[in-house]
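To keep things clear, I will list the structure first and then write my remarks on it.
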Amino acid sequence: MGRANSAVGVLLVAVLLAGVSGCGQESGVNGAVTSSGTDPKQTVSDEQGRLTSGAPSAKVLDLHRLNVPPGAQDVYSLISDGWSSYSLCLTFRLPKTDMEMFLDGIGVPRSEMRKGFYVEDADEAGWSSRPGRTYLEGSSDGTSEPGPSPTYTVSVDVTNDSAYTVYLRSVVVPS
Numbered sequence: 063m064g065r066a067n068s069a070v071g072v073l074l075v076a077v078l079l080a081g082v083s084g085c086g087q088e089s090g091v092n093g094a095v096t097s098s099g100t101d102p103k104q105t106v107s108d109e110q111g112r113l114t115s116g117a118p119s120a121k122v123l124d125l126h127r128l129n130v131p132p133g134a135q136d137v138y139s140l141i142s143d144g145w146s147s148y149s150l151c152l153t154f155r156l157p158k159t160d161m162e163m164f165l166d167g168i169g170v171p172r173s174e175m176r177k178g179f180y181v182e183d184a185d186e187a188g189w190s191s192r193p194g195r196t197y198l199e200g201s202s203d204g205t206s207e208p209g210p211s212p213t214y215t216v217s218v219d220v221t222n223d224s225a226y227t228v229y230l231r232s233v234v235v236p237s
């Protein structure tokens, strides 16, 4: 009887562990298939680090209180959910004319950005500044809406005047 109870216990633990990874949550940093349907085989080249091609699911964007601007191109994302926080790295190109509205929407007015490249944990996404490029950086403590509020760090490559490249990290700590 003891051996049968042991086997049932092991089976129960295995079922519980299998169920945890299939709860419909987004993948961790290893790029497993997400609820948004992102295929890890679409992970972009080493130049983009461990980012996956395309925007994250609407559920993830809602959690981070973000919208990918309609004019955004070359969108890549990395979702990293831990025990105490949810992190999203997002990069895309955006026409200069749309940049002010995007930055205002995340609480980082362009007028308050300073020269430099800084995005917390940029190396996790494979991001780094490149010589000869011009970057602006800024951060925001999130929104004033009720509930968990994301914090943002953003760097923008403003070298190409027709389309800027945004490097954004959002972190949400559940309440």
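Sequential numbering from 63 applies to the sequence shown in the numbering used here.
We put the CB at the ideal spot given by N, CA and C, even for glycine.
One question on the structure: do residue i and residue j come within less than 7 angstroms of each other, judged by their Cβ atoms?
i                 : j             : result
valine 233        : glycine 200   : no
leucine 156       : alanine 134   : yes
leucine 113       : alanine 187   : yes
phenylalanine 179 : valine 228    : no
proline 131       : aspartate 166 : no
tyrosine 226      : valine 235    : no
isoleucine 168    : tyrosine 214  : yes
arginine 176      : glutamate 162 : no
leucine 230       : leucine 125   : no
Helix, strand or coil for residue i per DSSP?
i             : result
glutamate 162 : helix
glycine 169   : coil
glutamate 186 : helix
alanine 120   : helix
leucine 152   : strand
glutamate 174 : helix
proline 102   : Here proline 102 scores only 35 on pLDDT, less than 50, and its place in the model should not be relied on; the value that follows carries that caveat. Helix at proline 102.
leucine 125   : helix
proline 212   : coil
proline 237   : The residue you asked about is not proline; residue 237 is serine in the sequence shown. The answer is coil: DSSP assigns serine 237 none of H, G, I, E or B.
tyrosine 180  : coil
leucine 113   : coil
With distances taken Cα to Cα, identify the nearest neighbour of residue i among the options.
i           : options                           : result
serine 139  : Leu128, Glu162, Asp160 and Met175 : Leu128
glycine 194 : Leu230, Ile141 and Asn222         : Asn222
Count the other CB atoms within 10 Å of the CB of residue i; is the residue buried (16 or more) or exposed (fewer)?
i          : result
serine 237 : exposed
serine 149 : buried
I need the straight-line Cα distance from residue i to residue j, nearest angstrom please.
i           : j              : result
serine 137  : glycine 209    : The question names serine, but residue 137 in the sequence shown is valine. Near 27 angstroms, if we compare the C-alpha coordinates of glycine 209 and valine 137.
valine 181  : isoleucine 141 : 15 angstroms
glycine 116 : serine 217     : 19 angstroms
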